[in-house]
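Those letters in the sequence shown? Residues 1 to 322, by the working numbering. Ideal Cβ placement from N, Cα and C applies to all residues, glycine included. Bear in mind the structure is a predicted one, so any value in this text is a computation, not a measurement. Structure record follows, encoded as structure tokens.
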Amino acid sequence: MMEVYKKLGISKRHTLSYNSRSNGVVEKLNKTLIDSLSHLVTQNQEVWCEQIPLALMAFRNAYHRTMHEKSSYLLYGRDIVMPYDIIFSDPSRTYSDTPSYAQQLVNRLQSSFALVKDHLERAADENTKYNKELPKTKQISVGDLVYLHTPRVKVHTSRKLAMQNQGPFRVVNQFSPVVFEIQHINQPTNKQTVHLNRIVKVMEIKVFPDIHDDEINPTSQNEIVSQNDMPYEEEIQKLYPPYTLPYKDFGDDQQILFRISDDTSTPTIPPVTNVSDRNKSSNVIQVQSPVIPPLKTPAVQTQRRYPYGLRPRDINGFVINK
């Protein structure tokens, strides 16, 4: 067959596995043909092969959005003659009536091809606008480690729990921006040519820096560091803030109640000046301090409460019966 391909000028190419996009022209036609047959075959689906000529005729006579023309017109240089054209249209000219039919056909085809080429170039330019930058897991070059996605599930197993990525593989060659040759690390004979959509790059693991990495190690273990070189506590808290604020014990509840009662019950009486006992011969004023009676600390009785109506229990967890 290779000799036949060479004589006829045919270049044989193989499509990639698990990648229907590499054979997009055929796959797109198959999808359109199946959709057309689903409308023609309604009840008896066994006669689907008889409806293929009608589906293909409808496809060839349909207006193409990208080429802005019918595919049948680009192939034959004229519109398809349908049965209703023969019945209701005027009689058309035949080949014998027009001596220059071949030249007219060539002119129509050349003008149609020029218009189609222009439309295809514009469509290609519009498609490039929607091309997005590849993610980091898809920016692959020769020598990178990758995993190969193989959607094969064993019988009587779940697809959700199946391990569908095999590897790791090493990229050994790149044929195009999206076609790579990979080799298994543990099996050198296992080489495959795959598409970019099936491989995922193994990203480098970034290790978080440790606290001791930023510290400057002294030249010797016996080196003495002065106190001026030591960081302050405020600087340490800014660099390494604590997860929670420090806990401060303000005392028991009973002590707090006594402290509040002492602060509120202590009166502040200003000193009283005894003006009548002033000595006339001297300018000394005798000040009499007030007599403050001793305060009695009120006895605050605190009753222990149990939330949610729970009964009190002892250390062992048994209910205390009062």
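Val319 is bridged by DSSP to Arg313. Counted as a single uninterrupted DSSP element, the beta strand (DSSP E) harbouring Phe169 occupies residues Asn165 to Gln174. Here Leu120 is exposed, its C-beta having fewer than 16 other C-beta atoms within 10 Å. Assigned with DSSP and collapsed to three states, Tyr147 falls in strand. For the set Ser38, Thr150, Ala58 and Ile140, the Cα lying nearest the Cα of Tyr18 is the one of Thr150.
Sequence-distant Cβ neighbours of Gln164 in its own chain, meaning closer than 7 Å and more than five residues away, are His149, Thr150 and Pro151. Distance from Ala55 to Leu33 at the Cβ level is roughly 6 Å; contact confirmed, criterion being Cβ atoms closer than 8 Å. In the displayed model, Lys31 falls within a helix according to three-state DSSP.
Here Ile199 carries a strand assignment [DSSP, helix/strand/coil].
For Phe113, DSSP assigns no beta-bridge partner whatsoever. When DSSP reads this structure, Gln183 sits in a beta bridge with Arg170 and Lys191. With a threshold of 16 other beta carbon atoms within 10 Å, Ile140 meets it and is buried.
For Ile52, the enclosing alpha helix (DSSP H) stretches over residues Ile52 to Arg60. The region 178-189 makes no contact with the region 152-159, as fewer than three CB pairs between them are under 8 Å. Secondary structure at Glu235: helix, using DSSP grouped into helix, strand and coil. As DSSP reads the structure, His64 sits in a beta bridge with Glu69.
The way I'd put it, the region 55-72 doesn't touch the region 100-108; fewer than three beta-carbon pairs between them come closer than 8 Å. In the three-state reduction of the DSSP assignment, Met82 falls in the coil class.
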